[in-house]
Amino acid sequence: MLDARFIRDNLADVEARLKTRGGDVDLGGFRELDARRRDLLQQSETLKALRNKVSDEISRTKDKSQVQGQIAEMREVSQRIKALDEDLRIVEEELERLLLTVPNIPSPATPVGTSEADNVEVRVWGERPVFDFTPKPHWEIGEALGILDFECGAKLAGARFTLYRGIGARLERALINFMLDLHTERHKYVEMLPPFMVNRESMTGTGQLPKFEDDLFHLEGVDYFLIPTAEVPVTNIHRGEILRGADLPLRYTAYTPCFRKEAGSYGKDTRGLIRQHQFNKVELVKFVRPADSYRELEKLLADAEEVLRQLRLPYRVVELCSGDLGFSAAKTYDIEVWLPGQDTYREISSCSNFEDFQARRASIRYREEEKTKPEFVHTLNGSGLAVGRTLVAILENCQRSDGPVVIPEVLRPYMGGQEVIG
RNA sequence: GGAGAGAUGGCCGAGUAGGUCGAAGGCGCUCGCCUGCUAAGCGAGUAUACUGGGAAACCGGUAUCGAGGGUUCGAAUCCCUCUCUCUCCGCCA
5 MLDARFIRDN LADVEARLKT RGGDVDLGGF RELDARRRDL LQQSETLKAL RNKVSDEISR
65 TKDKSQVQGQ IAEMREVSQR IKALDEDLRI VEEELERLLL TVPNIPSPAT PVGTSEADNV
125 EVRVWGERPV FDFTPKPHWE IGEALGILDF ECGAKLAGAR FTLYRGIGAR LERALINFML
185 DLHTERHKYV EMLPPFMVNR ESMTGTGQLP KFEDDLFHLE GVDYFLIPTA EVPVTNIHRG
245 EILRGADLPL RYTAYTPCFR KEAGSYGKDT RGLIRQHQFN KVELVKFVRP ADSYRELEKL
305 LADAEEVLRQ LRLPYRVVEL CSGDLGFSAA KTYDIEVWLP GQDTYREISS CSNFEDFQAR
365 RASIRYREEE KTKPEFVHTL NGSGLAVGRT LVAILENCQR SDGPVVIPEV LRPYMGGQEV
425 IG
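In terms of the working numbering, the first sequence has 149 at position 145, counting the first letter as 1, and numbering is strictly consecutive.
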């Protein structure tokens, strides 16, 4: 959420910068609602001040018969206050609804552009493997090895669900443990294991609600949502809190499954593990001082990249342009892993600085010193990494001509020493 | 699922026959004084949000005692609904 006062004071500038995301931006309604809100608030508060003053006088008058006039008068004042407050409530609700659907302002560091095509390649790492045969896509490899069973996934749940079997299941688990160990031991993140479903406040805090309810699985009977990413529960850990400056930056990592409806992606990526309703992810989340947030973003990105480097999987980093930026982000880097079976780079991590956008929604503040005013923190997060897609990258990059897949060295301790699948 | 108890400021904890309670007291913290150092002691201060004025320092108003609603001139205190926590019973990995 943007700061209402900031919008009020910089309306034209805010509109112009939001336009770089593409689509329509109209903050005209904001100005009017904001003005009406303050007008109603002042009227109501003036009357309340009067009522408080007169009530105080009444309380000090022992003979109540002397103040019957004031009591009658205040009865009327209270009615007017009630009416004003009702109008105010409606205006504030509208204003809130409007503000919650306005996306974050892209950072000046975000390149301006209209689509994916305008994203900027920042760096490329690793050697793409050279094959003396035509590399297969992971779904063929996984099925042939008997470790990925798409048909059974569909039988158990439906399209976009997969059953991992045997060594495939173990490889997924090995990746999760490897990533968590790397981030906790080497990068000094604190591991969290949060609830996999959360309430409406949490979803609103990180920006999934109210605008993207259609993308979420909602439970029947209780107002809980399955999390689409660990970002939601982990960022909301500090919702409504005032943190101590000395404790910043806070770094958390968490493994969770993620659940997404993938509405609007019919027919897209229907084969294989790329786009599933349920997938595993290890997430990195940071709470930092505003002045440090862009430096922390670079570090977070490096922490995520380190996973691919250790696995020796080739990738590139791209900077998302304004038109491709997510709703809550001010600046985002995507890490894209090379998939030789599909002859393309594929997103495997998205690392973003949300600045104070989520912090304002979720009211996450910090106080530098005991006496200083609380300020909003900046929140960041990134995948470290999407586990299923990492498994995909291993199958495709480490495949051999006759079918087997070589397990990356760093994973072997997690695989009971096994070196090859198949 | 059933029965009961509770939710007050950074923390602990008073306050329920409605008013002088943004809220006693203690702890913590900040500043000052005092003391050869430390400890102790003394004094002052110590919430947040919105809003009006001001260049600012700051000054004023309103709201907040789990959340929402009601009664009343006036609610931390009375009534209703909800949420959460705790205890006991049941059930269960």
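Even glycine gets a Cβ: it sits at the ideal position worked out from N, Cα and C.
* Cross-strand partners of residue 169 (DSSP beta bridge) -> Answer is none; residue 169 lacks a bridge partner.
* Given residue 349, which residues of its chain have a CB within under 8 Å of its CB, disregarding the five upstream and five downstream residues? -> 319, 320, 340, 341, 342, 343.
* Asked: Along the chain, which unbroken stretches of the alpha helix (DSSP H) at least 4 residues long are found entirely within the region 129 to 161?
  -> Every alpha helix (DSSP H) stretch that sits fully inside the region 129 to 161 and reaches 4 residues is listed by chain position as 142 to 149, 154 to 160.
* Is residue 106 near residue 213, with beta carbons less than 9 Å apart? -> No, the pair does not count as a contact, with Cβ atoms beyond the cut-off.
* Excluding the five sequence neighbours on either side, which residues of its own chain have a C-beta within less than 7 Å of the C-beta of residue 354, listed in chain order? -> These residues qualify, in order along the chain: 336, 338, 386, 387.
* First through last residue of the beta strand (DSSP E) which encompasses residue 194 -> Start and end: 194 to 196.
* **Completely contained alpha helix (DSSP H) runs for the region 202 to 287, where each covers 4 or more residues** => List check, alpha helix (DSSP H) in window: 204 to 210, 235 to 239.
* How would you call residue 150, buried or exposed, if buried means at least 16 neighbouring beta carbons within 10 angstroms? -> The residue in question, residue 150, is exposed, as its Cβ has fewer than 16 Cβ neighbours within 10 Å.
* Asked: Anyone know if the C-beta pair for residue 246 and residue 256 falls short of 9 Å?
  -> By the CB criterion at 9 Å, residue 246 and residue 256 fall outside the cutoff.
* residue 117 versus residue 263: straight-line alpha-carbon distance, rounded -> The alpha-carbon atoms of residue 117 and residue 263 are separated by roughly 30 Å.
* Where residue 2 falls: helix, strand or coil (DSSP) -> Lying before the first or after the last residue shown, residue 2 is absent from the chain, which here runs from 5 to 426.
* Figure out for me which residue from 232, 22, 397, 202 has the closest Cα to the Cα of residue 226. => The shortest Cα separation from residue 226 among 232, 22, 397, 202 belongs to 202.
* Asked: Going by DSSP, what residues sit across from residue 298 in a beta bridge?
  -> Beta-bridge annotation (DSSP): residue 298 is not paired with any residue.
* To do: Closer than 7 Å by C-beta to residue 119: which residues in its own chain qualify, once you throw out the five before and the five after it? Chain order, please.
  => 327, 328.
* Cβ neighbours of residue 61 in the same chain (closer than 8 Å, five flanking residues each side left out) -> Cβ neighbours of residue 61 beyond the five flanking positions: 71, 74.
* 6 Å CB neighbourhood of residue 196 in its chain, flanking five on each side removed -> Counting only Cβ-Cβ distances below 6 Å, and skipping sequence neighbours, we find 238, 256, 258.
* In the DSSP assignment, what are the bridge partners of residue 323? -> Note: residue 323 is bridge-paired with 124, 337 in the DSSP secondary-structure output.
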